[in-house]
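Here's the structure we're looking at; comments come further down.
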Amino acid sequence: MLTTLLAAAGLGLLIGASLGALGGGGSILTVPALVYVLGESPQAATTGSLVIVGVTSLIGAVGHARSGNVRWATGAVFGVTGIVASWAGSALNRHVEPNVLLLAFAALMLLAAVGMLRRARRAPLAGRERSDAPSTLTAAGLARFVGAGLLVGFLTGFLGVGGGFIIVPALVMALGLSMPVAVGTSLLVISINSAAALAARAGHATFDWSLILPFTLAAVAGSLLATRAADRVSPAALSRAFAALLILVATYVAVRSAVSLG
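According to this note's numbering, the sequence shown holds residues 40 to 301 in order.
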């Protein structure tokens with residue numbers, strides 16, 4: 040039991056640190072951690088992930104807001120856009136074979152890794168060219184904004200992920216927000232989508248609080264520490280390191296799930 044608690048705490052610190060520093064990315068590791076390290080079923084892990092990621096993101100958003108790096112109205116609109124999609128994803132989650140669910144998760148992790156690597160390459164330019172004030176929203180920008188909101192909502196409900204690797208680029212490209220503001224606002228969006236997906240699972244889901252609570256507390260601590268240190272660490276370097284970790288984990292998950300299906 041002690042070993043399990045220590046593992047949950049260690050993983051929580053790692054994932055919380057990613058959320059605090061990058062506004063996403065690390066949360067996608069929560070489900071594989073719960074399944075392969077802590078022994079949860081895929082469906083239970085996606086539900087537990089919603090609690091862990093949702094609470095950690097909300098507290099992280101408050102931390103970023105103290106530095107003026109959260110656009111509350113923008114985040115609320117983005118989050119509300121995905122609520123219906125998150126309910127649809129939650130409904131589909133209950134009917135998918137566990138190993139198929141994990142294969143989908145592995146594919147998503149690879150996409151997240153690619154997105155983080157692209158962010159790492161663009162980070163210096165983004166920091167120079169973007170402002171904290173939103174730019175005029177064009178029709179194409181509005182379409183990207185709404186589409187990203189719906190996609191993130193669905194992924195949150197279906198796979199229990201935050202979707203920060205989609206939210207942050209969407210806020211930067213569609214609204215012209217600077218990277219720090221996009222990261223802070225992303226955490227607000229993740230918390231809204233997580234709450235909506237949890238509401239959709241009410242009455243159908245079970246919660247292993249003996250794992251969820253220590254994991255969440257450690258993730259919150261990691262997020263707060265990373266938020267304070269974010270200005271002193273290169274986001275590009277963090278993104279590249281996490282992308283490499285995602286690729287390794289995605290490969291492991293895909294192989295394990297494919298063997299089980301075979």
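Don't be surprised by glycine CBs; every beta carbon is placed ideally from N, CA and C.
Checklist entry - Within 10 angstroms of its Cβ, does E168 collect 16 or more other Cβ (buried), or is it exposed? => result Because E168 sits at a pLDDT of 40, beneath the cut-off of 50, its placement in the model cannot be relied upon, and the following sentence gives the value as read from the coordinates. Classification for E168: exposed.
Next on the checklist: Three or more C-beta pairs under 8 Å: does that hold for the stretch 147-154 against the stretch 72-81?
Outcome noted: no
Item to check | Close-in-space but distant-in-sequence residues of the same chain around F117 (CB under 6 Å, 5 per side omitted) | outcome: G188 and V228
Checklist entry - Residue range of the alpha helix (DSSP H) that N132 falls in? => result I122 to N132
Checklist entry - Around the Cβ of R133, are there at least 16 other Cβ atoms within 10 angstroms (buried) or fewer (exposed)? => result exposed
Item to check | F246 in three-state terms, based on DSSP | outcome: coil
Checklist entry - In chain order, which continuous runs of the alpha helix (DSSP H) of length 4 or greater are located wholly inside the stretch 167-236? => result 178-198 and 203-214
Checklist entry - Are the CB atoms of A84 and L73 nearer to each other than 8 Å? => result yes
Next on the checklist: If I follow the unbroken alpha helix (DSSP H) through A83, where does it start and stop?
Outcome noted: P81 to A104
Checklist entry - Considering only residues of the same chain and omitting the five flanking positions on each side of D247, which have a CB-CB separation below 6 Å? => result none
Checklist entry - When we look at the beta-carbon of A179 and count the other beta-carbons within 10 Å, is it buried (16 or more) or exposed? => result exposed
Checklist entry - Skipping 5 residues on each side, what residues in its chain have a beta carbon closer than 6 Å to that of L194? => result V200 and G202
Next on the checklist: Any contact between the stretch 135-145 and the stretch 249-259? By contact I mean 3 or more CB pairs, one from each, below 8 Å.
Outcome noted: no
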